[in-house]
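Data block below; observations after.
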Amino acid sequence: MTDSAATTTAPASAPTIKPKVSSEDWIMRAVLVGIALYLIVSILLPLYAILSKSFKDVDGAFVGVANYAKFFSTPALFWSIQNSLTVTLICCVIVVPVAFLYAYALTRTCMPFKGFFKGVALIPILMPSLLPAIALVYLFGNQGLIKSWLFGYEIYGPIGIVMGESFYVFPHVLTILLISMANSDARLYEASTALGASRIKTFFTVTLPSVRYGLVSAFFVCFTLVITDFGVPKVVGGKYNVLATDIYKQVIGRQDFEMGAVVSMVLLLPAVLAFAADRVVQRKQVALLSARAVPFQPQRNPATDGLMFAFCGVVGFILISILGVAAFASFAKFWPYDLSLVLNHYNFDLMDGGGWDSYFNSIELAAWTAVIGTALVFTGAYLVEKSNGFLAGRAGLQLLCMVPMAVPGLVLGLAYVFFFNAPGNPLGFLYHTMPILVICTVTHFYTVAHLTAVTALKQMDAEFEAVSASLKVPFYRTFFRITVPVCLPAILDISMYLFVNAMTTVSAVVFLYSPDTSLASVAILNMDDAGDIAPAAAMGMMIVITAAAVRLLHAILTRGILARTQAWRKR
Amino acid sequence: MKPKLVSKFSLGIAATMAAVMMSAGVVQAKTDLLVYTAVEADELKKFKKAFEADYPDVNIKWVRDSTGIITSKLLAEKENPKADIVWGVAATSLLLLSEHNYFQGYAPKGVEKLDKKYYDTKNNPPLWVGQRAWIASICFNTVEGKKNSLPMPQTWNDLTKPVYKGHVIMPNPNSSGTGFLDVSSWIQMKGEKKAWAYMDALHTNIARYTHSGSKPCKLAAKGEIPIGVSFAYRGAKSKNQGAPLEVIAPAEGVGWDLEAFGIVRNTKNLEAARALADWSVTEKANKIYNEEYAVVAMPGVAKPVKNFPPGIESKMIKNDFQWAAANRIRILDEWRKRYDGKSEPKS
Numbered sequence: 003m004t005d006s007a008a009t010t011t012a013p014a015s016a017p018t019i020k021p022k023v024s025s026e027d028w029i030m031r032a033v034l035v036g037i038a039l040y041l042i043v044s045i046l047l048p049l050y051a052i053l054s055k056s057f058k059d060v061d062g063a064f065v066g067v068a069n070y071a072k073f074f075s076t077p078a079l080f081w082s083i084q085n086s087l088t089v090t091l092i093c094c095v096i097v098v099p100v101a102f103l104y105a106y107a108l109t110r111t112c113m114p115f116k117g118f119f120k121g122v123a124l125i126p127i128l129m130p131s132l133l134p135a136i137a138l139v140y141l142f143g144n145q146g147l148i149k150s151w152l153f154g155y156e157i158y159g160p161i162g163i164v165m166g167e168s169f170y171v172f173p174h175v176l177t178i179l180l181i182s183m184a185n186s187d188a189r190l191y192e193a194s195t196a197l198g199a200s201r202i203k204t205f206f207t208v209t210l211p212s213v214r215y216g217l218v219s220a221f222f223v224c225f226t227l228v229i230t231d232f233g234v235p236k237v238v239g240g241k242y243n244v245l246a247t248d249i250y251k252q253v254i255g256r257q258d259f260e261m262g263a264v265v266s267m268v269l270l271l272p273a274v275l276a277f278a279a280d281r282v283v284q285r286k287q288v289a290l291l292s293a294r295a296v297p298f299q300p301q302r303n304p305a306t307d308g309l310m311f312a313f314c315g316v317v318g319f320i321l322i323s324i325l326g327v328a329a330f331a332s333f334a335k336f337w338p339y340d341l342s343l344v345l346n347h348y349n350f351d352l353m354d355g356g357g358w359d360s361y362f363n364s365i366e367l368a369a370w371t372a373v374i375g376t377a378l379v380f381t382g383a384y385l386v387e388k389s390n391g392f393l394a395g396r397a398g399l400q401l402l403c404m405v406p407m408a409v410p411g412l413v414l415g416l417a418y419v420f421f422f423n424a425p426g427n428p429l430g431f432l433y434h435t436m437p438i439l440v441i442c443t444v445t446h447f448y449t450v451a452h453l454t455a456v457t458a459l460k461q462m463d464a465e466f467e468a469v470s471a472s473l474k475v476p477f478y479r480t481f482f483r484i485t486v487p488v489c490l491p492a493i494l495d496i497s498m499y500l501f502v503n504a505m506t507t508v509s510a511v512v513f514l515y516s517p518d519t520s521l522a523s524v525a526i527l528n529m530d531d532a533g534d535i536a537p538a539a540a541m542g543m544m545i546v547i548t549a550a551a552v553r554l555l556h557a558i559l560t561r562g563i564l565a566r567t568q569a570w571r572k573r
Numbered sequence: 155m156k157p158k159l160v161s162k163f164s165l166g167i168a169a170t171m172a173a174v175m176m177s178a179g180v181v182q183a184k185t186d187l188l189v190y191t192a193v194e195a196d197e198l199k200k201f202k203k204a205f206e207a208d209y210p211d212v213n214i215k216w217v218r219d220s221t222g223i224i225t226s227k228l229l230a231e232k233e234n235p236k237a238d239i240v241w242g243v244a245a246t247s248l249l250l251l252s253e254h255n256y257f258q259g260y261a262p263k264g265v266e267k268l269d270k271k272y273y274d275t276k277n278n279p280p281l282w283v284g285q286r287a288w289i290a291s292i293c294f295n296t297v298e299g300k301k302n303s304l305p306m307p308q309t310w311n312d313l314t315k316p317v318y319k320g321h322v323i324m325p326n327p328n329s330s331g332t333g334f335l336d337v338s339s340w341i342q343m344k345g346e347k348k349a350w351a352y353m354d355a356l357h358t359n360i361a362r363y364t365h366s367g368s369k370p371c372k373l374a375a376k377g378e379i380p381i382g383v384s385f386a387y388r389g390a391k392s393k394n395q396g397a398p399l400e401v402i403a404p405a406e407g408v409g410w411d412l413e414a415f416g417i418v419r420n421t422k423n424l425e426a427a428r429a430l431a432d433w434s435v436t437e438k439a440n441k442i443y444n445e446e447y448a449v450v451a452m453p454g455v456a457k458p459v460k461n462f463p464p465g466i467e468s469k470m471i472k473n474d475f476q477w478a479a480a481n482r483i484r485i486l487d488e489w490r491k492r493y494d495g496k497s498e499p500k501s
């Protein structure tokens, strides 16, 4: 305020120095604007379509805030806000510390079987959130294997939601923490040791501050994932209503699109707050991995290593059990009366959901999403973090990138129906096709992928760009020769994240699939909806197996690349 | 690295285009008919095969989901409908859709042979034509019933007895067509005030509400819950598969709805849609309906279905579809206000 006042009163006396904008900068800006346009069409305009719906009545007449007034005067809906916040916060309070310790064990100790634990932690990411919830029913339901462990409490309700969601978000949270912990400067630890700080003091003065950005990111990724997920509460929510299932009920059950739009707008609020928090923390973040950094190598410490091994063992056992139960249930002939193992439930062609075709459609969707999404996301994140000037554009794109996480998939899908199927929309030809599923899925998972890329890019010192620029190396060469190789672990994580989520996503595509593009994950929802729980588990297992196989193949293929490009991290 | 990526890309695009062109070549021989339906998935193959045997030029493509979902999908697309024909969806939903001018009138050849109360006689030609009735029933798991020493319920009122507390599950009428026909039938039988009092009492016994109408019965079949409020076809089917079930038609009377069809106003495949409409009122079609459902639109065709509750036809209430469609939103609002928000308070 005072600055602008000063410049307006005395413009001539203080000429501002404007940095020269090179042709390179213009290229970057054009690409940046292109990605921003993509996000505007794929998220903002559909959101506007659904927002305007929330101010209209059934016939499309503008009714102001009447729908909102109805929402806030309906106690049932208001309680859902409280319910959603309760389970979400409990879940994050459990998951973030657990994932933090797990990430700490993997990156900062010499615990044995690290590779194994890293793999085990990814189990939940291989499945739709519906599947752990189904497994919980087989574990703790009325015919569950260990029902008594709940001491008479019911799995259908907040307990089940918190358990299922904790399982579901664990790898998402862990991924962010792992990346923020992967790059750290050993010199800080050396200094800390040299100054005689204890391990605990080092933890609080070096380790924790260095990952605080990752922790905040992890927390709000957890928060928004849980509050917007509807797979878990749909299966084990029982009578405990949360906002995500409310939207589903409003839209699917009551055909009240206007109220569905209102509830989704209410769900957008936490995301806006999360975004504000992110901006505040981001401003305080400094590059940890400077050009002079020395990669950290953990030292042996039997006590810590043993303790961490035990901790990871317990977490790993829980993760494996959930998968094991789902697998067993998919083969059991007639739970609980006949537990002989059969393949009947894998005969999907007699069930809801589109049969085996949907499985192959899902693979196609996942492949396209991974290829197109990774290129788009990483380029976008790079331009936000590393391009010069154009602050408004970069902040704008960053803001756009944050929007998708706030949007529950169901709302996104529905918004697509309103937007793309509106008469006269020139993009209407996309409706009911595979491309619209790809666009929707890339957009739906844009934010976490973007954050992963940003977290990785943030840890690269801006000196790389500065040095390259002073040597007159074009930015795209720096990008392909330095940025991409250094960030390759993050890029690979992003592509896997997108592939697997495209395999597992349900909510965003449930309104968008057509008979030619039915999907495996939606089939699980439909089969569970129809009460065919064992076939639902079986289809879930097909997704798990596929995602795991692709992941394994991917790991083998890229091992060589990683060894070549990441050797510098080791001394 | 970059050129490699680009060539991979264009390769993918070329392959996709080739696939699209090839599939377009195949499609031209037959007319694709996009049919939105809520008929249970295990029956769809049979209908497609039988119809296409009579009309080999038509290729049915199903979009199948439970009643609430398919209805909301249709409503979401109401400005620009995609379906050619809505087929095997609740008459209540079709009435709701016809308020949005969704259908074009058509009198299928031979529609006059159907029972007058099963098709639209208000409009000529009719906007919708019924196919068969699906009827509410209670599924009771005898093994779990014995384990919990529960007597077999015989009436709707029985379900409110304290002994059944936590042992009953029913579909949420907001999402399930079966759930809605239960609530609508209770109100039509008992009158508003008594029906809500009944549901208040029932609510205290309900373990939870499911999204679909067949799920309560499937859960009862698995013993996850002893008693599921569902519909007769699903109960009989599960029992035929060997589940320890009894399918009960409560003495007071049972709610029902019609599976019905209507041709969408802007279909580009009118001829094929009319062919399906014509076929759907034939005796042959009605005989197929009867394989799983006891009550069909053509009089004199139906034979008893195995494991259907005996005498269920005589217990069907006099259902007022117009009233049900007109009051649907109000009833669901009231239901949600009373029961949906009463989720257990945080403990």
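In the order they appear, the protein sequences are chains A and B. Per my numbering, numbering of the first sequence is gapless, rising by one per residue and ending at 573. Per my numbering, numbering of the second sequence is gapless, rising by one per residue and ending at 501. Here a beta-carbon is modelled for each residue, glycine too, at the ideal position from N, C-alpha and C.
Hey, does residue i have any beta-carbon neighbour from chain B nearer than 8 Å?
i, result
"Asn243 (chain A)", "yes"
"Val268 (chain A)", "no"
"Lys251 (chain A)", "yes"
"Trp337 (chain A)", "yes"
"Asn144 (chain A)", "yes"
"Leu53 (chain A)", "no"
"Phe513 (chain A)", "yes"
"Ala71 (chain A)", "no"
Measure from the C-beta of residue i to each C-beta in chain A and report whether the shortest distance is under 8 Å.
i, result
"Lys393 (chain B)", "no"
"Gly377 (chain B)", "yes"
"Met176 (chain B)", "With a pLDDT of 48 at Met176 (chain B), under the threshold of 50, the modelled position of this residue cannot be trusted; read the value that follows with caution. So, not an interface residue."
"Asn461 (chain B)", "no"
"Leu187 (chain B)", "no"
"Asn234 (chain B)", "yes"
"Arg484 (chain B)", "no"
"Ser220 (chain B)", "yes"
"Tyr363 (chain B)", "yes"
"Val180 (chain B)", "Note that Val180 (chain B) scores 47 on pLDDT, short of 50, meaning its location in the model is unreliable and no value can be drawn from it."
Can you tell which of the options has its C-alpha closest to the C-alpha of residue i?
i, options, result
"Leu245 (chain A)", "A:Gly262, A:Tyr50, A:Gly356", "A:Gly262"
"Lys547 (chain B)", "B:Ala426, B:Ala427, B:Pro458", "This structure does not reach residue 547 (chain B), given that chain B is present from 155 up to 501, and the question cannot be answered."
"Ala390 (chain B)", "B:Tyr363, B:Ala290, B:Lys227, B:Thr309", "B:Ala290"
"Ile239 (chain B)", "B:Glu266, B:Asp208, B:Leu281", "B:Leu281"
"Glu346 (chain B)", "B:Trp489, B:Phe205, B:Lys202", "B:Trp489"
Alpha carbon to alpha carbon, how far is residue j from residue i? Give it in angstroms, no decimals.
i, j, result
"Tyr155 (chain A)", "Ile127 (chain A)", "28 Å"
"Gly454 (chain B)", "Ser339 (chain B)", "26 Å"
"Asp187 (chain A)", "Leu108 (chain A)", "16 Å"
"Val469 (chain A)", "Lys388 (chain A)", "13 Å"
"Glu446 (chain B)", "Tyr387 (chain B)", "6 Å"
"Ala137 (chain A)", "Trp433 (chain B)", "44 Å"
"Val243 (chain B)", "Phe420 (chain A)", "23 Å"
"Gly179 (chain B)", "Leu439 (chain A)", "For Gly179 (chain B), the predicted structure reports a pLDDT of 46, less than 50, and the residue's modelled location is therefore unreliable. The matter cannot be settled from this model."
"Phe432 (chain A)", "Asp248 (chain A)", "Per the sequence shown, residue 432 (chain A) should be read as Leu rather than Phe. About 28 Å."
"Lys227 (chain B)", "Val508 (chain A)", "16 Å"
"Ala331 (chain A)", "Leu341 (chain A)", "9 Å"
"Ser537 (chain A)", "Asn349 (chain A)", "The sequence given here has Pro at residue 537 (chain A), not Ser. Answer to the nearest angstrom: the Cα atoms are 8 Å apart."
Tell me whether the beta-carbon of residue i lies closer than 8 Å to the beta-carbon of residue j.
i, j, result
"Ile178 (chain A)", "Val89 (chain A)", "no"
"Lys232 (chain B)", "Leu188 (chain B)", "no"
"Gly395 (chain A)", "Leu34 (chain A)", "yes"
"Cys93 (chain A)", "Cys224 (chain A)", "yes"
Under the assumption that residue i contacts residue j (Cβ atoms under 8 Å), give the Cβ distance between them as a whole number of angstroms.
i, j, result
"Tyr352 (chain B)", "Lys241 (chain A)", "Rounded, the Cβ-Cβ distance is 19 Å, inconsistent with contact."
"Ala328 (chain A)", "Gly542 (chain A)", "6 Å"
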